[in-house]
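Since the structure comes first, as structure tokens, the remarks are kept for the end.
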Amino acid sequence: MSLLRIPGGLVLAVPAAAAPSDAVRHCPLPARLYLPLVQERGQALHCRVQVGQTVRRGEPLAHDGDTEATVVPAPTSGRIVAIEPLTLAHASALEVPTLVLQADGRDETALLPPLPDWAQRPPQELRRRLAQAGVVGLGGAAYPAAAKLGRAVSLLVLNGAECEPYIACDETLMRSRAAEVVAGAAILGHIVAAEDVVIALEERMTEAAAALQAVLAGQTQIRLQRVPTVYPQGGERQLVQTLCAREVPSGAYPADIGVLVHNVATAAAAWRAVVLGEALTSRLVSVGGRGVRQPGVFEVRTGTLIEHLIDSSGGYTEQAARLVLGGPLMGLALPHDRIALGRGANSVLVLGADDVRAQAAQTECIRCGECARACPVQLQPQELWRLLRQGETGQAAALGLRDCIECGCCAFVCPAQIGLVDEYRAAKSALAIAAEQRRRADHARQRHDARNQRLAREQAAKVARVASRREEIAQAQTATANAATAPEPAPAETAEAAPRSMDKSAVLAAIARGKAKRAAAPPPAPPPETES
Amino acid sequence: MKTFATAAAPHLPPRSSVRQVMAEVLLALLPAIAVQAWLFGPGLLVQIALGLLLAAAIESTALHLRGQQPQAGLADLSAALTAVLFALCIPPICPWWISAIGLLFGLGLVKHAYGGLGLNLFNPAMAAYALVLLLYPRQLSLWTAPLADLDLGQSLQAIFLGQLPASWDTLASATPLSSLRQLAGEAWRMPQIRELPLFGHYGAAGWEWIALAYAAGGCYLVWRRIVAWQVPAGVIGATLLLGGLAWLIDAERHPAPLQHLAGGGLMLAAWFVAADPVTGCTSPRGRLLFGIGVAVLSLAIRRWGSHPDGVAFAVLLMNAAAPLIDRFTRPRVHGHAR
Ligand code: SF4
Ligand code: SF4
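From first to last, the protein sequence lines stand for chains A and B.
Residue numbering for the first sequence follows our numbering, starting at 3 and increasing by one per position.
Residue numbering for the second sequence follows our numbering, starting at 53 and increasing by one per position.
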């Protein structure tokens with residue numbers, strides 16, 4: 003397999019004192035856990051419990067309403083005490099209805115039936131299991147794993163290339179739970195019928211590589227591949243580019259070229275869900291930055307408040323200046339720490355005042371091209387920025403705005419300190435909204451057209467029906483007239499007169515029909531035949 | 053609950069600033085300034101000081117007129133860089149008003165009338181130099197031979213009072229490029245010309261050392277990744293290739309390729325002027341083309357134009373072409389077909 007270096011990117015060093023050390027520490031179970039009824043991606047969840055209900059760890063609290071219905075498992079046993087508003091870990095910082103689970107301290111667990119013979123089971127069943135166990139992508143997007151595993155691919159990549167500096171949870175996981183990662187990789191590989199399964203990790207992760215190697219010894223289906231330590235190597239498209247020397251076409255998914263990328267932690271969670279029957283109720287979260295006393299990697303229950311996690315890592319230092327969910331390049335700055343950690347939360351950073359950038363220092367672009375040199379997608383960020391500032395979103399889109407992966411490399415290197423990526427993010431969502439509106443408008447227009455067509459069809463059918471009716475009556479009358487041996491009245495006249503009387507009766511019949519319909523409260527399923 | 057101020061990602065502190073970039077470019081000019089001051093007298097230092105003062109005044113006035121903070125604008129050091137580049141181009145004993153006119157045009161019109169740093173189409177220093185070259189050719193030819201030993205007093209007198217030293221006629225000397233042009237016009241053969249002391253070791257006595265100093269500073273900037281290697285590679289590569297080709301065809305009539313680089317402004321342009329990001333190209337291939345364009349136009353103007361050196365004009369012409377070049381040299385975006 004040839005390794006292709008991605009263009010651009012950044013080699014970043016982390017202040018050693020601020021980086022998490024890598025032994026797994028346990029964040030104690032808090033008294034209350036908070037589970038927003040809105041997904042990380044913004045869609046509402048369907049709540050399946052009521053206030054006052056008691057639940058055991060692993061039992062479903064809500065589900066996402068997709069075909070597979072991936073659930074939100076209860077992170078511990080206890081009672082649902084309230085549904086109250088809590089700030090969502092989202093750029094909007096909206097307050098959303100959130101389940102509050104009061105832990106009873108017993109941590110009673112409801113297990114799903116273990117499936118140690120998973121290799122004999124059909125992929126469909128295993129996917130259902132992942133959904134029941136609430137397994138989502140743990141790399142950050144928290145996309146339901148079952149939905150992402152719906153297509154067969156030839157190559158499955160387990161992504162252990164930690165994207166951003168300061169984040170250490172994946173490396174820690176691979177080092178301390180290598181066997182789980184490998185076993186999970188095999189299960190995911192089985193589900194998507196992959197011919198080739200690769201665990202990709204960064205060159206610098208020597209210990210993790212050794213641990214995985216030890217587990218992999220003697221087996222051939224799963225390979226280990228070290229990739230360069232350069233940000234954003236862990237990006238899905240960048241990883242595919244490096245491993246396959248192929249680019250995922252713009253607008254397509256890796257699965258479209260037969261590749262599926264899953265985070266290593268997702269693999270471990272899949273193993274637990276399938277082989278042990280355990281739902282996903284905790285994950286590794288790395289805590290870093292100069293603003294926290296004891297940075298580290300913590301095993302954290304879903305729904306733990308950041309406040310509680312920071313307390314468990316020694317509390318804030320005086321330097322604490324910015325709270326970031328995620329990494330320093332793509333992470334989201336949070337307004338406060340009463341925010342719950344969901345399954346997608348891989349890192350909490352408390353950056354010191356010296357380690358953040360002051361806003362509003364932005365000056366004019368000097369066209370130095372540093373941003374273009376750093377862009378892993380080979381965009382011309384300075385040009386996009388100029389176009390967006392002129393309101394030329396369409397032109398920016400033509401130059402590849404939608405291909406921007408929002409990695410932030412451009413904004414990081416820009417000497418004019420322009421918030422490039424923020425601009426692109428806003429423009430991209432504007433484009434997406436416009437596209438959605440267009441789609442809705444098209445949909446409405448289609449529906450409108452369809453309705454008009456249907457009405458026209460019905461009208462035509464009615465006209466035809468009336469005409470054929472007339473015909474019948476006319477024929478019938480002629481027949482009776484003939485039978486009554488009164489040959490004289492002109493057939494034309496009869497034909498003329500009869501429909502007129504028929505018209506009348508048709509109207510009366512229609513009125514009667516209408517009345518009948520109104521009288522019958524629920525209209526009967528097949529419309530009754532009244533045309534007699 | 054602890055609250056925090058939020059901000060958009062990325063959260064890491066910036067890696068550099070415009071001020072830092074400009075400061076490093078100024079730093080990289082120091083060797084050339086030192087060599088030129090040593091060869092052509094302390095007048096250069098006076099010109100630099102004068103230029104800096106004028107530039108500060110013009111820049112802050114322009115910023116003020118545009119309703120911006122003068123301090124913030126001055127702090128980016130871009131006007132200082134323009135002043136220093138301009139001072140390096142003009143003769144060290146040029147009258148003071150040449151600087152005033154040049155910088156007023158370069159900074160006031162070429163830079164700020166277009167929206168200031170970043171939005172100017174043309175390099176302000178080159179535009180300023182081109183203007184005064186066209187308007188005041190006599191003052192712009194007040195060069196001496198290298199090591200002519202003009203002292204500070206004489207320089208100050210010449211600059212501010214317009215009084216040339218008494219012995220001026222013995223001190224004055226045409227630049228190698230204009231001598232070359234004149235002698236070639238008088239049907240001298242190239243090898244004969246090269247015998248003259250004015251043409252030094254590689255084609256221009258004294259000037260060749262300045263060129264070397266520019267290259268040294270420029271290499272530093274390339275190493276610091278402030279100057280993209282494509283620009284100097286384009287300028288120097290194309291000069292050597294074209295000059296070399298002409299020289300191989302007829303060494304009697306064409307100067308040797310190194311001579312093109314040794315005299316005149318090509319080395320300054322290659323490392324500092326064509327490499328100005330604002331008015332150059334941004335894509336890698338675009339930068340290479342930009343450099344090649346500067347070299348080709350310079351050589352063409354030297355050969356066929358009415359000026360001994362055409363680097364300033366070449367740069368300005370390429371400045372005008374830069375947006376077009378950028379348009380056609382965009383790299384292929386990830387996931388897109390060519
Ligand atoms: S890095 Fe910043 S200043 Fe440089 S070209 Fe890009 S946007 Fe402009
Ligand atoms: S944020 Fe977008 S434009 Fe900027 S470097 Fe990343 S991919 Fe390129």
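Positions of the beta carbon are idealized from the N, C-alpha and C atoms, including for glycine.
May I have the straight-line CA-CA distance separating B:Gly255 from B:His116, to the nearest angstrom?
For B:Gly255 and B:His116, the distance between alpha carbons rounds to 46 Å.
If we require 4 or more residues per run, which alpha helix (DSSP H) segments fall completely within the stretch 140-226 of chain B?
Listed in chain order, they are 148-155, 176-187, 204-208 and 220-223.
If you draw a straight line from the alpha carbon of B:Pro284 to that of B:Leu294, how long is it in whole angstroms?
Approximately 15 Å between the Cα atoms of the pair.
Do you know how far the Cα of B:Ala179 is from the Cα of A:Thr231?
Approximately 45 Å between the Cα atoms of the pair.
Would the C-beta of B:Val77 count as close to ligand 1, meaning under 7 Å from any of its heavy atoms?
The answer is no for B:Val77.
From the DSSP secondary-structure annotation, give me the bridge partner or partners of A:Ala202.
Answer is A:Asn161 and A:Gln227.
Should A:Ala418 be counted as a contact of ligand 1 given a C-beta to heavy atom distance under 7 Å?
It does: the Cβ of A:Ala418 is within 7 Å (strictly closer) of some heavy atom of ligand 1.
Is the closest heavy atom of ligand 2 to the C-beta of B:Tyr272 under 7 Å?
It does not: the Cβ of B:Tyr272 is nowhere closer than 7 Å to a heavy atom of ligand 2.
Say yes only if the C-beta of B:Gly332 is nearer than 7 Å to one or more non-hydrogen atoms of ligand 1, and no if none qualify.
For ligand 1, not one heavy atom lies less than 7 Å from the Cβ of B:Gly332.
Measure the Cβ-Cβ separation of B:Leu204 and B:Pro94 and say whether it is below 8 Å.
Yes; because the gap between Cβ atoms is below 8 Å, this pair is in contact.
Can you find a CB in chain E that lies within less than 8 Å of the CB of A:Ala413?
Among the chains of the structure shown, chain E does not appear; the protein chains present are A and B.
Which residues in the same chain have their Cβ closer than 7 Å to the Cβ of A:Cys370, if we skip the five residues on either side of it in sequence?
Answer for A:Cys370: Pro417, listed in chain order.
To which residues of the same chain is A:Arg81 closer than 6 Å at the C-beta, ignoring the five residues directly before and after it?
Here the set comprises Thr56 and Gln104.
Determine, for B:Val283, whether the minimum Cβ-Cβ distance to residues of chain A falls below 8 Å.
For B:Val283, the answer is no, since every Cβ of chain A falls outside 8 Å of its Cβ.
Going residue by residue through the stretch 230-308 of chain A, where are the continuous beta strand (DSSP E) segments of at least 3 residues, counting only ones entirely within it?
Correct list: 261-265, 284-290 and 298-303.
Going by DSSP, what residues sit across from A:Val74 in a beta bridge?
A:Ala64, per the DSSP bridge assignment.
Grouping DSSP H, G and I as helix and E and B as strand, with all else coil, what is A:Ala46?
Residue state, collapsed to three classes: strand.
State yes or no: is the C-beta of A:Ser252 within less than 8 Å of the C-beta of B:His388?
Their beta carbons are under 8 Å apart, which means A:Ser252 touches B:His388 by this criterion.
Exposed or buried, which one is A:Thr482 when buried takes at least 16 other CB atoms within 10 Å?
The residue in question, A:Thr482, is exposed, as its Cβ has fewer than 16 Cβ neighbours within 10 Å.
So who's on the other strand from A:Arg324, going by DSSP bridges?
Its beta-bridge partners are A:Leu353.
Buried or exposed: where does B:Leu187 fall if 16 or more other Cβ atoms within 10 Å of its Cβ makes it buried?
With fewer than 16 Cβ atoms within 10 Å of its Cβ, B:Leu187 is classed as exposed.
Who are the Cβ neighbours of A:Arg123 in its own chain at under 7 Å, not counting the five residues just before and after it?
Only Leu117 meet the Cβ criterion.
Between A:Glu408 and ligand 2, is there a pair consisting of the residue's CB and a ligand heavy atom that are separated by less than 7 Å?
For ligand 2, at least one heavy atom lies less than 7 Å from the Cβ of A:Glu408.
Considering only the alpha carbon of each residue, which of B:Ala280, B:Asp361 and B:Thr134 lies closest to B:Ala226?
The residue with the shortest Cα to Cα distance from B:Ala226 is B:Asp361.
State the DSSP-derived secondary structure class of B:Leu297, mapped to helix, strand or coil.
Helix at B:Leu297.
Between B:Pro147 and the rest of its own chain, which residues show a CB-CB distance below 7 Å, the 5 nearest in sequence each way excluded?
Result list for B:Pro147: Gln191, Ile211 and Gly214, in chain order.
So what does DSSP say about A:Thr496, is it helix, strand or coil?
Because A:Thr496 sits at a pLDDT of 45, beneath the cut-off of 50, its placement in the model cannot be relied upon, and the following sentence gives the value as read from the coordinates. Here A:Thr496 sits in helix by DSSP.
Which residues bound the alpha helix (DSSP H) around A:Leu386?
Segment Pro383 to Arg391, the alpha helix (DSSP H) holding A:Leu386.
Between which two residues does the alpha helix (DSSP H) holding A:Met215 run?
One point to set straight first is that residue 215 of chain A is Gln, not Met, in the sequence displayed. First-last of the alpha helix (DSSP H) with A:Gln215: Thr208 to Leu218.
Go through its chain and collect everything with a Cβ distance to A:Val121's Cβ below 7 Å, but skip five positions before and after it.
In the sequence under discussion, the amino acid at residue 121 of chain A is Ala, which differs from the Val named in the question. So the qualifying residues of the chain are His192.
For B:His306, which residues of its own chain have a beta-carbon under 6 Å away from its beta-carbon, when the five flanking residues on both sides are left out?
Cβ neighbours of B:His306 beyond the five flanking positions: Ala298 and Trp299.
Along the stretch 331-353 of chain A, where does the CB come closer than 9 Å to a CB of chain B? Name the residues.
Those would be Leu331, Met332, Gly333, Leu334, Ala335, Leu336, Pro337, His338, Asp339, Arg340, Leu351, Val352 and Leu353, in chain order.
Determine which residues of the stretch 278-306 of chain A have a Cβ less than 7 Å from any Cβ of chain B, and write them out in chain order.
Going along the stretch 278-306 of chain A in chain order, one finds no residue with a Cβ nearer than 7 Å to chain B.
So for B:Val330, helix, strand or coil by DSSP?
The answer is coil: DSSP assigns B:Val330 none of H, G, I, E or B.
For A:Gln104, which three-state DSSP category applies?
Strand, per DSSP.
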